[in-house]
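Residue numbers (this note's numbering), protein chains in the order written: chain A, 892 to 1561; chain B, 7 to 147; chain C, 3 to 326. Idealized CB from N, CA, C, for every residue including glycine.
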């Protein structure tokens, strides 16, 4: 059985190589190997879940035979695929959602000149992501971690001819690099301290010596890596820009899977964090700040995809807050809550992105909510699926977001009890509550502004409405089309089909797993949980559930009241607090501050270096000119005339004979 | 007694130097090669004189080898001269100065020639099957 | 029969004069009276002849006349070749040089070589050259023939080279030290108390390029031993002195010779090492030597000729294209 696991990463890899090499031949058929490979991976993943479920005993785990990667000195790094329940959950999310998004991409990317390239990179991403969650070794994990970063870079910059896309790709790469550098340092530190990078051995070593300052440092460094990859404050700035990539890629990478790699990393190394409580508190506070900040920014954004991006950042902050709350015997519960939210979030956020993509597709790539509105008639399927996703995100029962968010709130509420970081956790809990309210509000705002109110369809939509084939991504090309009310058409079935499937998932999966406690039971068999994380009996907190549901309803209702019932209120409110509005609208000026603090000085240093380099170059050039000058003196000698050269030969002969005969003295044997 | 060795050596040296100066100054490819042959004559004379002086035949053997090499050289040189002439229509060696340092000016004769003196002094080939006619001023060298 | 001794300074005068004459004779756009150049050249030749003329002629007069005539004609021909603007006339002048050099070959006991050179050079090579000239220069002397490349510099280089070569010959074959030694020996014999003491230091100071120095030293040491053994018997002394004088007088004709090192293998076919006479029967001796000691050289020369023939054809062969 265990070696079937190899199929999970190898199938997408093979598809990526195949499409990458023969993309020119496959052209419009490039999606077949990719969809088939990811679907195959999904099947194997589900099979692994079933196998794990049927394993008896407290620990459920599947291991493949290890393949040696390299061995240097005492270090032996092996590729070994290990599937325990956490990995299985991640794999299921990645491959299942990946399958549907790849099907959706067939319609969305149709006729794009980079069609094979898109699918090759997409498949490569799935391979890297699967590898990332399948390994039991921090170093191998880091390798795949960079692999997903590379694929993310390639997909953000997919339309690299567009300057904004290229800039966004570069920004994403550089900002995540900051975190990755810290991550590498953390890995080095752990290696230096414990001499191993196997999770199992690391955990044992950490349990033997808790509260080590080095362990705290290492955990914080690992968290820095997670902060970069999962777009947490203060490195969250790349994710909203990453929406320059194709929408399905954003849905998979920047909403459902890759950005959750940080959550997975912290969840996976939870036994280390548990041994360093201060690190956990940091995680919780950073997560809460991110959740709150992103939610505040999302309130005023006009770009539908940007709202979704900030909500992703906010929800990731939620997950980190949950993980950070895993103090003491709450650890297993916290990881469960975070992974559960990760799982449900993957469904509804992928759904929301795909629905946004469908809106974009119908609107001729116009996604500004000021230019669209009242689309519920024109795009019925998109409308209903978006509605389900939005309600799940808003945390309205019984949609799946409610259940996972409720668990996180429960963890956060309990974390403060008897902890040394009581005040911090108090902030975390109330911050998360406020975020829940804001989330419900801005999600509903986006939903109502897009689908309710008077029908507004931009001029571009008409053009695209007539021909689904021609939804080229060159915005400017179509901007010159005659203005006028466009006609919106629902997207083709290849796009709405995945929407429906994901909508069902977003609606049901949370409730199903939460009510039956199936998720918690399944995760409970993870070896980390069983061996290193203390058990905690959790009882459903109905009061908290009611509070959460109430906040959600209040948020939704106020959004409805402001944007549907009295559409003028919104503008009045914005004008009432212009400073605050501008602050949120401009994303708290964080990009500008970074520009001032980091980009500006770096540019100055670069200019200085350039001047210095020119100086050094000048000196080197001058040194190079000296032999050139002396060579130039003798250049006329080489005048191409054979007889001139012969003359030189004769003169040389004269000198030679003279020296030989008259300057060598009488000693020679004449 | 016979003529001392030194006198032959001096004659050989004079022939060699005359050949060398001719090689350096003359511009006609054929004259150049004749001058090279002249230098060879000077050297050969030395060999033969030494051969006599020492009473050893080896010098004559060397001379024979020199003649052989000179014959080879002449054959190849004439073939090359023909090829060169066919590509530029002139025997002037100074035409071939393309392999000079880049950026250098071509060496061109500026001094004007006086009016041609004895132009008709060249031997001519008559077409086959025709009676050679002697024009006024023709020379048979 | 030896030359008078002369050094670099003496050698430079005729060389410089001769090359100056040549400089005046070289073809150029602006005419210089050719007569002046010719006169200078003749003066230089005469000076050079005086320089190398035998101090005390011992050669038969017929041979001397032939040598001077051949040499002068060869040099005149060579000058004509170098200075003649017309390449066709130059080729004929070269034929003249070849014929005269062959005369010199005959004087040196190389009749086969003389015949071969005339046949190959004057007969074949010069004729081929003339053919090429007729092919290429049917319109007469070209512009370039009336010009010279760097005449002054070339002639200066030639003058220095010639002066150097002449002075080297003069130095290498300088008989003065030996003549002085002979005079000292004669003086010692004529004196009332003959002995080696009066001139012993003379030849021991000989420059090393006189190869007889070592043999004379050996000879002298042997005589001294004998004289010492006979307790300065005057008869023995005069006998030894006479022997020594004969050795010195014999060595005088070999001044400047460089004996081949012992490592050079001795072959009987090339001629005797000691009596300095060419073997009788020139053609037979040359053939014997060529097909024994130098067989590899002969084979290689034959191969080279073949390759050159093929190469010449390959260079000029143009398929399907008419000569322009």
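Practice problem: Establish whether the CB of residue 1563 of chain A and some CB of chain C are separated by less than 8 Å. | Solution: This structure cannot settle anything about residue 1563 of chain A, because the visible part of chain A is limited to 892 through 1561.
Practice problem: Name the two residues that bound the continuous beta strand (DSSP E) containing residue 960 of chain A. | Solution: 958–963
Quiz item: Residues of chain A with CB under 8 Å from residue 151 of chain C, in chain order?
Solution: 1532, 1534, 1535
Exercise. Output the distance between the C-alpha atoms of residue 319 of chain C and residue 1547 of chain A, rounded to the nearest integer angstrom.
Key: 42 Å
Quiz item: Hey, quick one: how far does the alpha helix (DSSP H) through residue 102 of chain C stretch, first residue to last?
Solution: 89–109
Exercise. State the CB to CB distance for the pair residue 1319 of chain A and residue 1179 of chain A, rounded to an integer number of angstroms; the pair is presumed to be in contact (CB under 8 Å).
Key: 5 Å
Practice problem: Starting from residue 39 of chain B, find everything on chain A with Cβ-Cβ shorter than 9 Å and list it in chain order. | Solution: Residues of chain A passing the Cβ test: none, with the nearest at roughly 12 Å.
Exercise. Note down the Cα distance separating residue 1482 of chain A from residue 1491 of chain A, rounded to an integer number of angstroms.
Key: 12 Å
Practice problem: Sort C/149, C/123, C/24 by Cα distance to residue 114 of chain B and report the nearest one. | Solution: C/149
Quiz item: Three-state secondary structure (DSSP) at residue 1174 of chain A?
Solution: helix
Quiz item: For the region 166–198 of chain C, which residues have a CB atom closer than 9 Å to at least one CB atom of chain A, in sequence order?
Solution: 166, 167, 169, 170, 173, 174
Exercise. Tell me, please, which residues DSSP counts as bridged to residue 1132 of chain A.
Key: Its beta-bridge partners do not exist; DSSP assigns none.
Quiz item: Any C-beta of chain A sitting closer than 8 Å to the C-beta of residue 71 of chain B?
Solution: no
Quiz item: Going straight from the alpha carbon of residue 1313 of chain A to that of residue 1175 of chain A, what length do you get?
Solution: 12 Å
Quiz prompt | Cβ of residue 1549 of chain A within 8 Å of any chain C Cβ | solution = yes
Exercise. Look at residue 1031 of chain A and residue 970 of chain A and say whether their C-beta atoms are less than 8 Å apart.
Key: yes
Practice problem: Measure the C-alpha to C-alpha separation of residue 1374 of chain A and residue 1351 of chain A and round it to an integer number of angstroms. | Solution: Reliability of the predicted coordinates at residue 1374 of chain A is poor, the pLDDT of 45 falling under 50, and no value is obtained from them.
Quiz item: For residue 953 of chain A, does the three-state DSSP call read helix, strand or coil?
Solution: strand
Quiz item: Since residue 294 of chain C meets chain B, which of its residues come closer than 8 Å, beta carbon to beta carbon?
Solution: Here the premise fails: no neighbours, minimum Cβ distance about 11 Å.
Quiz prompt | 8 Å Cβ cutoff, residue 1545 of chain A in contact with chain B | solution = no
Quiz prompt | CA-to-CA distance, residue 93 of chain C to residue 71 of chain C, given in whole angstroms | solution = 21 Å
Quiz prompt | Residues that residue 265 of chain C contacts on chain A, provided the C-beta gap is smaller than 8 Å | solution = Within chain A, no residue comes near residue 265 of chain C; the closest Cβ sits about 13 Å away, beyond 8 Å.
Quiz item: With burial defined as no fewer than 16 other Cβ atoms inside 10 Å of the residue's Cβ, what is the status of residue 305 of chain C: buried or exposed?
Solution: exposed
Self-check item: Of the residues A/1543, A/1544, A/1421, the one placed nearest residue 949 of chain A, counting alpha carbons only
Solution: A/1421
Quiz item: What are the boundary residues of the beta strand (DSSP E) that residue 970 of chain A is part of?
Solution: 966–970
Practice problem: Would you kindly report the start and end of the unbroken alpha helix (DSSP H) that includes residue 1393 of chain A? | Solution: 1384–1406
Quiz item: With DSSP run on the structure shown, which of helix, strand or coil describes residue 9 of chain B?
Solution: coil
Practice problem: Measure the alpha-carbon distance for residue 956 of chain A versus residue 944 of chain A and round it to whole angstroms. | Solution: 21 Å
Quiz item: Between which two residues does the alpha helix (DSSP H) carrying residue 1419 of chain A extend?
Solution: 1418–1423
Self-check item: Whole-number beta carbon distance between residue 1316 of chain A and residue 1303 of chain A, since they are thought to touch under 8 Å
Solution: 7 Å
Exercise. Check the Cβ-Cβ distances between residue 115 of chain B and every residue of chain A, and say whether any is below 8 Å.
Key: no
Practice problem: Kindly give me the distance between the Cβ atoms of residue 1339 of chain A and residue 1440 of chain A, rounded to whole angstroms, as I take these residues to be in contact under 8 Å. | Solution: The pair is not a contact, with the Cβ atoms about 20 Å apart (cut-off 8 Å).
Quiz item: DSSP three-state call for residue 1361 of chain A: helix, strand or coil?
Solution: Note that residue 1361 of chain A scores a pLDDT of 39, beneath 50, so its modelled location is shaky; the value from the coordinates is reported in the next line. Residue 1361 of chain A falls in the helix class under three-state DSSP.
Self-check item: Length of the line joining the Cα atoms of residue 291 of chain C and residue 243 of chain C
Solution: 42 Å
Exercise. Evaluate the contact criterion for the region 1240–1248 of chain A versus the region 1141–1155 of chain A: three or more CB pairs, one atom per stretch, below 8 Å.
Key: yes
Quiz item: Where does residue 1356 of chain A land, buried or exposed, given buried means 16+ other C-beta within 10 angstroms?
Solution: Reliability fails at residue 1356 of chain A, whose pLDDT of 39 lies under 50, so the model's placement of it is uncertain and no value is given.
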